[in-house]
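Please read the structure below before turning to the comments.
Residue numbers (this note's numbering): 434 to 690.
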């Protein structure tokens, strides 16, 4: 098994993409820190997985949460081999509806917390010659009208990944990379689109422009793609930002239907 005896901390791992990654890492032998906002969701995943699991519900908007999360992982398992910065606030508001309070909160969760989780984890990841995978978004290049602040947070994460992917690889032996995810059919995405007015069967009617293979990507597919990066099979690559989508994101000029 790729991760036997190793410890992986995945933020936002009680639902969606994070949960899929957590389940796959656990199946590959990892000790896991399951983290989420809702205690019931964290307990559900932890109960399903059974052994080698630590439950955490730290609020990532709290500046002290990164240190607490890493300390808890070390106390429970004695080592840390991989960090996946997956948790994010996806606030669907345009410029007119955005506020300074929302801006500060979203940046705290989506950008500040990943940076300081890396800082807190670095001594342990250095010892393990470990790996960091940041989960970004193709919105980091521009973004949708109603995702202005979210897109900005992911743009900042992209720059952080490239900066630290150079520095930490060279100085600490820690590889830092990022996935810019496209459209993924997570439970939250399904409910969000229905709340916006789409019919319940909307996933079956996505135009081929956005889903060339006939459907949107699934969380389990993202997990399978992520596993080699978490396990270190992709070393010595570091500082890379990989667009994970069904089509080229930059420069694409789709046929106008």
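All C-beta atoms, glycine included, are put in the ideal place defined by N, C-alpha and C. Keep in mind the model is a prediction, meaning the values are calculated, not measured.
- Going by DSSP, residue 515 is part of the beta strand (DSSP E) stretching over 515-518.
- Out of 496, 494, 466, 472, the CA that lies nearest to the CA of residue 482 is found in 466.
- Less than 8 Å divides the Cβ of residue 516 from the Cβ of residue 551.
- Taking C-beta atoms under 8 Å as the contact rule, residue 542 and residue 493 qualify, at a distance of about 5 Å.
- Two segments are said to touch when three or more pairs of C-beta atoms, one from each, lie closer than 8 Å; by this definition the stretch 438-446 touches the stretch 508-526.
- Contact between the stretch 556-566 and the stretch 662-676 is present: 3 or more CB-CB pairs across the two stretches fall below 8 Å.
- Classified as exposed, residue 646 has fewer than 16 neighbouring CB atoms from the shown chains inside 10 Å of its CB.
- When the five nearest sequence neighbours on each side are left out, the beta carbons in the same chain lying within less than 6 Å of the beta carbon of residue 611 are those of 567, 569, 594, 674, in order along the chain.
- For a cut-off of 8 Å, the C-beta gap from residue 488 to residue 476 is around 6 Å, short enough to register as a contact.
- Here residue 526 is bridged, per DSSP, to 580.
- The beta carbon of residue 437 is closer than 6 Å to those of 462 in its chain, skipping five residues each way along the sequence.
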